[in-house]
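The numbering of the sequence shown is this note's numbering, which starts it at 548 and goes up by one. Yeah, the Cβ is synthetic: ideal placement off N, Cα and C, and Gly gets one too. Model, not experiment: these values are computed from the prediction.
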Amino acid sequence: MDFRYDVIVVGAGHAGCEAASAAARMGSKTLLITMDMNKIAQMSCNPAVGGIAKGQIVREIDALGGQMGIVTDRSAIQFRMLNRSKGPAMWSPRSQSDRKRFIEEWIKVLSHTDNLHIWQDIVTSLIIKDNKVCGVKTALGIEIEAQAVVLTNGTFLNGLMHCGKTQIPGGRTSEPASYGLTEQLVSLGFKSDRMKTGTPARIDARSIHFEKMARQDGDNDWHHFSYLPTVQRQLKQMPCWITYTNPDTHEALRAGLADSPLFNGQIKSIGPRYCPSIETKIVTFADKEAHQLFLEPEGVDSNEYYVNGFSSSLPWQVQLAGLKTVPGLEDVVLYRPGYAIEYDFFEPTQLHHTLETKQIKNLFFAGQINGTTGYEEAAGQGLVAGVNAHINVHGGAPFTMGRNESYIGVLIDDLVNKGVDEPYRMFTSRAEYRILLRQDNADERLTKRSYEMGLADRARYDLLCQKQTSYADFIGYMQQTVVHKGEVDGWLESIGSTPLHEGCKISELLLRPQVTIEGLAEVLPELKAKVAELSDETVESCEIQIKYAGYIKREQLEAAKLQRLDQIRIPDGFNYDDVQSLSTEARQKLSRIRPKTIGDAQRIPGVSPNDISVLLVLMGR
């Protein structure tokens, strides 16, 4: 072991695992440094992957050749496709995972990845020469050389946990904080701040009265995260359970607010708007008498349950008293109480779209260090950072994705151009082109590009090509095949649709809201035979493409307009202060963020359409 590497990744959370895996698989000699090799890819909060827009990110990671989707499918104990009552742009996969199995599957992945080594230690500082990172120094006093470094420190940078008035230094329960890196980076000119997140109590299943709760089972169809047909769910599928707080719960919690770190001044950092603590809920929504809680199993062989919706930093006695008022939890036994955690992050406007820092060459940030929250957001950033770290070392065009290409592209563009004033969480509403960025077509959007740059393997690319051939043939068949009057009239009337007045193409008939390929196949034998030859995923994607063709075309045209602005580059070092026709706010923000293109400039809050017009004139457009 010579302690010389192409790429070092610091932190083995969801960002770090994807970064290290991507860099190594592309050919970089890679070192992953973690405090604890037994907690690789730890699900620090809820034992679930995916959700609204987050599920799309995981599908994109898989399409690019990342590992999160594969690991999630193999560790899944409940799968659901959320928002099925809405249009396909909103469909979002989500999976409960066996927490222990999730870690085990990630360890298998990393252990069988060529070019990847793991070192258990704590990084205390970076080695920097001539504004370029050259390696790291560790708590064991070792200097490790590298041509590129990816920091994915999660909640560990100066981490401080709060449970009531009790404060414990650490990055997560029973794990130490990391010191030194923030101070070094701030001394080099980086802007740092503090953020807060929290987690609920974990409770013993043997103390829960499930009969007083509503059971929520998962979906048992073909849907999953990975596009690879060989990756399937392997574990017993388990239900979640739904219950509610009530006025007695809220009264019990209000009694402890004076000792809440959120309300007594103990915590001063930025907290999450979209995942508030239970004490924040009862204060913010004081007129609401009940809040929904989900009890989620931590694993098939565990009695541990996660109380989703009851995140708290109140004293443990107050948390326990509140939980005991909830139907089904009257006799609840805690494994451990909830807590809040404060940690350092760095303003992400200090990054390029590659996630390389603007101040230090070959230094990359990914995950919560950029002010984001969520396993999925972290993993997506980690993959992009790992790919670009490899490219910086070995050469090649930078890897970035536009807002019309992926939710990961939307995420990174938001971070780089807008920054964060609270922990950033992805939603479908953040994407302008949701109908283009569906969960069913991530492979069509991204796999070819990933294969060409050397991340996705040949087998994955061949699978895409086969799907596209089948897809084109099937759509062509439906666009050419005529359904005659009387052939399906009885079936149409049975589903509340009007009979045909004359023959029409299958594709035209599918435009009716009530009509599906599955339903038509039951009354059209030739169509049924065609469907039987295809994967369920291909059939679903074809139906979406036909039903929403008009919306898709419209968004493609809008995206083309965006791309034109993204192709107009702003010269490096452009002096905005000399352009008096720009608003004062625009000059200040453009000077600080230094957008690369007019498209980037347009998405900066405070830069008006008039400011963009001025820039276009100055760029000769």
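Can the beta-carbon of Ala569 be found closer than 8 Å to that of Ala913?
-> no
Sequence-distant residues of the same chain with beta carbon closer than 8 Å to Thr831, five excluded per side | Pro823
Going by Cα to Cα distance, which pick from Gly560, Arg801, Asp1158, Ser953 is closest to Ile580?
-> Gly560
Cα-Cα separation, Asp1036 to Gln1026 | 19 Å
Proximal residues to Ala805 (C-beta, below 8 Å), its chain only, five neighbours per side dropped = Asn811
Check whether Ile789 and Phe841 have beta carbons under 8 Å apart | yes
CA-to-CA distance, Tyr998 to Trp863, given in whole angstroms | 50 Å
Supposed close pair Lys586, Gly921 - CB separation, criterion 8 Å = Between Gly921 and Lys586 the Cβ distance is about 18 Å, and since that is not below 8 Å, they are no contact.
Quick one: complete alpha helix (DSSP H) runs, 4+ long, within the region 702–759?
-> As far as the region 702–759 is concerned, its whole alpha helix (DSSP H) runs of at least 4 residues are 728–734.
Unbroken alpha helix (DSSP H) run spanning Glu692, endpoints | No alpha helix (DSSP H) contains Glu692, which is instead part of the beta strand (DSSP E) from 690–698.
Taking the C-alpha atoms as reference points, what is the distance between Ser1082 and His659?
-> 30 Å
Given that a residue counts as buried once 16 or more other Cβ atoms are within 10 Å of its Cβ, and exposed if not, what is Tyr774?
-> buried
Identity of the residue in Asp990, Leu687, Ser739 nearest Glu1084 by Cα | Asp990
Segment limits, beta strand (DSSP E) that includes Ser672 | 670–676
Per the contact definition of three or more C-beta pairs closer than 8 Å, is the region 703–715 in contact with the region 617–629?
-> Touching, no, given that fewer than three Cβ pairs across the two stretches are closer than 8 Å.
Is it the case that the Cβ atoms of Val697 and Phe911 are separated by a distance below 8 Å?
-> yes
Using the Cα positions of Tyr543 and Glu924, report the straight-line distance between them to the nearest angstrom.
-> Residue 543 lies beyond the range of the chain shown here (548 to 1168); nothing can be said about it.
For the beta strand (DSSP E) that Cys787 lies in, which residues bound it at each end?
-> 787–791
Buried or exposed: Glu843, going by 16 or more other Cβ atoms within 10 Å of its Cβ?
-> buried
Alpha helix (DSSP H) segments (min. 4 residues) lying fully within the region 920–991 = Listed in chain order, the complete alpha helix (DSSP H) runs (minimum 4 residues) inside the region 920–991 are 922–941, 954–965.
Simplified DSSP assignment, three categories, for Lys815 = coil
For Tyr852: DSSP bridge partner residues = For Tyr852, which the question treats as bridged, DSSP gives the partners Ile750, Pro844.
Can you grab the Cα-Cα spacing for the pair Arg572 / Phe946, in whole Å?
-> 15 Å
Met590 and Gln667 closer than 8 Å at C-beta | no
In whole angstroms, what is the alpha-carbon distance linking Phe772 and Gln1135?
-> 43 Å
Assigned exposure category for Asp677 - 16 Cβ within 10 Å defines buried = exposed
On the premise that Asn917 lies in contact with Gln928, defined as a C-beta separation below 8 Å, what is that separation, rounded to the nearest angstrom?
-> That belief holds up - the Cβ atoms of Gln928 and Asn917 are roughly 7 Å apart, short of 8 Å.
Could you check how far apart the C-beta atoms of Arg749 and Ala623 are, in whole angstroms? I think they sit under 8 Å.
-> So it is not a contact: roughly 20 Å between Cβ atoms.
What is the DSSP secondary structure of Pro895, counted as helix, strand or coil?
-> helix
Closest residue to Ile599 among Arg977, Arg801, Leu1165, Phe649 (Cα-Cα distance) | When each option's Cα is compared against that of Ile599, the closest is Arg977.
Could you check if Leu687 is buried or exposed, using at least 16 other CB atoms within 10 Å of its CB as the buried criterion?
-> exposed
Between Lys815 and Ile1042, what straight-line distance do the alpha-carbon atoms span, to the nearest angstrom?
-> Straight-line Cα distance between these residues: approximately 57 Å.
Completely contained alpha helix (DSSP H) runs for the region 597–662, where each covers 4 or more residues | 601–610, 615–622, 646–658
Can Pro808 and Ala887 be called in contact, C-beta distance under 8 Å?
-> yes
Taking DSSP as the reference, what is the three-state secondary structure of Ile888?
-> Reduced to three states, the DSSP call for Ile888 is strand.
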